[in-house]
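**Q** Just so you know, the protein sequences line up as chains X and G, in that order. Everything in the first sequence is counted per my numbering, starting at 1 for the first residue and increasing by one. Everything in the second sequence is counted per my numbering, starting at 1001 for the first residue and increasing by one. Pasting a structure here, questions to come.
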Amino acid sequence: MKKILYISYFVFLCFVCFFSYLFVDRNLKFISLFFSGFSSSNRFSTSIIYTGIVIIFFLFYLLFIRFFSKNKLDGKDIKTLIVLTCVVLFFSYPAMLSYDIFNYILTAKVTFFYQENPYIVMPNEFVNDPFLAFTRATNKIALYGPVWLILSGFPHFLGFGNFVLTLFGFKLVALVFYLLFLLILKKISGNDKAVLLFGLNPLVILETLVGAHNDIVMIFLVLFAMYLAKAKKLFYMITFFVLSFLIKYSTIALLPIFIFIFIKIVRKEQLNWSKIYLVSLILMFLIFLLSPIREEMYPWYAIWFLPFVVLQYKNKIFKYLSISLCFGLLLRYIPFIYLGTYLEPTPTIRQIVTFVPTALFSLFYVIKKKI
Amino acid sequence: MFLTTAIFAESSYVLPYPSAMQGSKFYTISLIWDEIRKYWYFGDFGQFKYNLGESDKYLVEAKTLFEYKQYFLGLNALRKSKDYYNKSHPFLLKAHYKGKDTRKNLILFESASAKHIEILLKMKSEVPEEFTWEPEKSPPTKLYLHKEIENSINVRQKEG
């Protein structure tokens, strides 16, 4: 049974990896070999396949949770599944669902190759740069913090000017921080369930191991700061917390928590970590809900609050609410895949599909409770 | 023929609002802040933007001071604007020699130059040709306002 599960999951991941290459941009000359134009010329089929992938991904996820609860899977199995996911999806095409990775690459190029300040100079000022052909939002200055900028120097230099190497360098950064995050999560929670809930969550996998979003770096640093707080290493706690919000700023919402932790440690008072995780969850979820004020509620923003959900892994309502929300968030991509436009009705459909699964789950839960 | 007035090409380039003026207590702070900003604007395009931005700022300062007949202070600002303007273009050349595509910033530079000339010509029509500045404790100085403004225009025409 376990063998069948492994093989079917491996085959599924290979299919996801293959499917990601159907989204290769026509202007991406560096990997033109993989360009098929399938996703833009077969929008209906692509949408159906993508929906199927999301559903199957969540079915696998729920199956893993169920098997783990029934002791049919153990910590070693979880590790194997995570390694399998990393190995296969590392080779996937990252700009399947969002183009952020190209912005990371181009911002690093503005900084380290052109040696200009990316907070002043926009990428589109380098009119003849070949990366402009496939990068979106080039008329913006750097959106991320200086720590991310410094970190992006590693894949930039290790790419030796080769686009494909640089692209996979950025994917490697996301993968490394994903694994580091799981390591710290295991240490903090002392439980494989939390690792399973976060590490095998389809949204986390698609946005981190495929899309290579830097949110995982930010959230790793903040969780590491909490880990250091548990070890009463105040200086390092502050350092890593500052590093975290200098990646993408949103963890600044946790400042009151860290001030509270600092005071408690200085006073040598006991800390109630369950409450700290709960308040952290509320704060990060609020920031997530407020994200449309700045731009929009991107699916990968769920990574901001998910760690604090899985740290409450015994709370079934949180667990299933977050799973249904992650499912809804991944459905947000369908209107664009199908319609090919960000204009109406895409935004309206996105809003609806995001919250329908969560609303349905809540309704189901209320009815079940009443019965 | 006699009723016609000279019309100069108007540039869509937007100049900043006047900031702290000489004599204000915030002026020294603004100078320190500008000095710090110089390092933030690293890189060839960064330095080009910094110098052009400073040139814009001092041009607006000169215009405002001239409007209040503060010719001595206005002339200082005008000279500063010219100096920063002169410093900005070499950074574009430097960027060009390094292989950076400077087209977009060249358009910006040309547009800024046109705007500067537009302002300077207007300024020239509003100030006296000469002005004798009489400080309390030193001998009077003659300020050749038109000559200084023309000099500034020439620099813009040559570079832009």
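Ideal placement from N, C-alpha and C gives every residue a C-beta, glycine not left out. Just so it is clear, the structure is predicted and the values come from calculations on it, not from any experiment.
Using a Cβ-Cβ cutoff of less than 6 Å, which residues in the same chain neighbour A108/X once the five nearest sequence positions on both sides are dropped?
**A** S152, H156
**Q** Taking Cβ-Cβ distances shorter than 9 Å, what residues in chain X pair up with Y1084/G?
**A** Ordered by position in chain X, no residue passes the 9 Å Cβ test against Y1084/G, which lies about 16 Å from the chain.
**Q** Are the Cβ atoms of L196/X and I78/X separated by less than 9 Å?
**A** Between L196/X and I78/X, the gap from beta carbon to beta carbon is short of 9 Å.
**Q** Using beta-carbon positions only, say whether L185/X and L311/X come within less than 9 Å of one another.
**A** Yes, Cβ-Cβ distance for L185/X and L311/X is below 9 Å.
**Q** Going along chain G, which residues have a C-beta under 8 Å from V127/X?
**A** D1101, R1103, K1104
**Q** Using a Cβ-Cβ cut-off of less than 7 Å, list which residues of the region 115–126 of chain X approach chain G; keep chain order.
**A** Q115, E116, N117, I120, V121, E125, F126
**Q** What is the rounded straight-line gap between the Cα of S1125/G and the Cα of I120/X?
**A** 36 Å
**Q** Under a CB-based cut-off of 9 Å, is K1087/G close to chain X?
**A** no
**Q** Is the shortest distance between the beta-carbon of W1033/G and the beta-carbons of chain X less than 9 Å?
**A** no
**Q** Reducing DSSP to helix, strand and coil, say where F35/X ends up.
**A** In this structure, F35/X counts as coil in the three-state DSSP scheme.
**Q** Measuring straight from C-alpha to C-alpha, what distance separates F1002/G and K1063/G?
**A** Low per-residue confidence applies at F1002/G: pLDDT is 45, beneath 50, and the placement is therefore not dependable enough to give any value.
**Q** Along the chain, where does the alpha helix (DSSP H) that runs through L132/X open and close?
**A** For L132/X, there is no enclosing alpha helix (DSSP H), since its DSSP letter is neither H nor E.
**Q** Using only the alpha-carbon positions, how far apart do F10/X and K193/X sit?
**A** 21 Å
**Q** Which partner residues of W300/X appear in the DSSP bridge assignment?
**A** Answer by DSSP bridge pairing: none, since W300/X is not bridged.
**Q** Indicate whether I31/X and Y93/X have their beta-carbon atoms separated by less than 9 Å.
**A** yes
**Q** Check each candidate in R267/X, K264/X, P307/X and name the one with the smallest Cα separation from I282/X.
**A** P307/X
**Q** Mind listing the chain X neighbours of K1049/G? Cutoff is C-beta to C-beta under 8 Å, in chain order.
**A** Those are I120, V121, listed as they occur along chain X.
**Q** Hey, could you find the ends of the alpha helix (DSSP H) L1078/G is sitting in?
**A** 1071–1097
**Q** Give me the Cα-Cα distance between S1088/G and L343/X, rounded to the nearest whole angstrom.
**A** 41 Å
**Q** So is K1137/G buried or exposed if we call it buried at 16+ other beta carbons inside 10 Å?
**A** exposed
**Q** Counting only the same chain and skipping the five closest in sequence on each side, list residues whose C-beta sits under 7 Å from that of V204/X.
**A** Same-chain partners within the cutoff: F198, I303, L306.
**Q** Where K1142/G and T1132/G are concerned, what is the direct C-alpha to C-alpha distance, given to the nearest angstrom?
**A** 4 Å
**Q** List the whole-angstrom C-beta distance separating L1145/G from L1075/G, where the pair is believed to meet the contact cut-off of C-beta under 8 Å.
**A** 7 Å
**Q** Got a sec? Which residues, its chain only, sit under 6 Å from T1005/G by beta carbon, not counting five neighbours each side?
**A** Caution is warranted here: a pLDDT of 49 is assigned to T1005/G, below 50, making its placement in the model unreliable, and no coordinate value can be reported.
**Q** With 16 as the cutoff for other CB atoms within 10 Å, does Y333/X come out buried or exposed?
**A** buried
**Q** For the beta strand (DSSP E) that T1102/G lies in, which residues bound it at each end?
**A** It is not in any beta strand (DSSP E) - T1102/G carries neither H nor E in the DSSP assignment.
**Q** Can you name, in chain order, every residue of its own chain whose Cβ lies under 7 Å from the Cβ of Y144/X, other than the five neighbours on each side?
**A** N214, I247, K248
**Q** Just the C-alpha distance for L62/X and S69/X, rounded to the nearest angstrom, thanks.
**A** 11 Å
**Q** By alpha-carbon positions, which one of H1096/G, S1111/G, P1128/G, L1120/G ends up nearest to S1152/G?
**A** L1120/G
**Q** Got a sec: is the Cβ-Cβ distance from G1043/G to anything in chain X below 9 Å?
**A** yes
**Q** Taking only the alpha-carbon atoms, compute the straight-line gap between T1102/G and R350/X and give it to the nearest angstrom.
**A** 40 Å
**Q** Can you list, in chain order, the residues of its chain with a C-beta nearer than 6 Å to that of Y58/X? Leave out the 5 residues immediately preceding and following it.
**A** The identity of residue 58/X in the sequence shown is Phe, whereas the question assumes Tyr. Correct list, in chain order: P202, F327.
**Q** W1023/G versus chain X: which residues are under 7 Å apart at the beta carbon?
**A** The sequence shown places Gly at residue 1023/G, rather than the Trp named in the question. Near G1023/G there are no residues of chain X at all, since even the closest Cβ is about 30 Å away, more than 7 Å.
**Q** Please determine if the region 265–278 of chain X and the region 167–176 of chain X are in contact, where contact requires at least 3 C-beta pairs separated by less than 8 Å.
**A** no
**Q** Can you tell me where the beta strand (DSSP E) with L1143/G in it begins and where it stops?
**A** It spans 1141–1143 - the beta strand (DSSP E) in which L1143/G sits, taken as one unbroken run.
**Q** So for I1149/G, helix, strand or coil by DSSP?
**A** helix
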